[in-house]
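First up is the structure itself, then whatever we jot down about it.
Residue numbers (this note's numbering): 695 to 758.
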């Protein structure tokens, strides 16, 4: 196991995973993502498909 890395991303939610993805797309290879549970198991998971809970019209949600 490596003891040093160039970048450590803490959190495997949408922001952390997106950061890791974009760093690798820019050519960064010495990056690590740390998540205490499963990827997207925190607030990212809880926010999925919650648009309709904020008074959005179902027809408009389907068109967006």
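Glycine residues also receive a C-beta, built at the ideal position from the N, C-alpha and C atoms.
CA-CA distance, residue 715 to residue 721, rounds to 10 Å. DSSP places residue 733 in the coil class of the three-state scheme, outside both helix and strand. Under the DSSP definition of a beta bridge, residue 708 lacks any partner. Taking a contact as a CB-CB distance under 8 Å, the pair residue 700 and residue 724 counts as one, their CB atoms being some 4 Å apart.
Looking at the DSSP output, residue 727 shares a beta bridge with 703.
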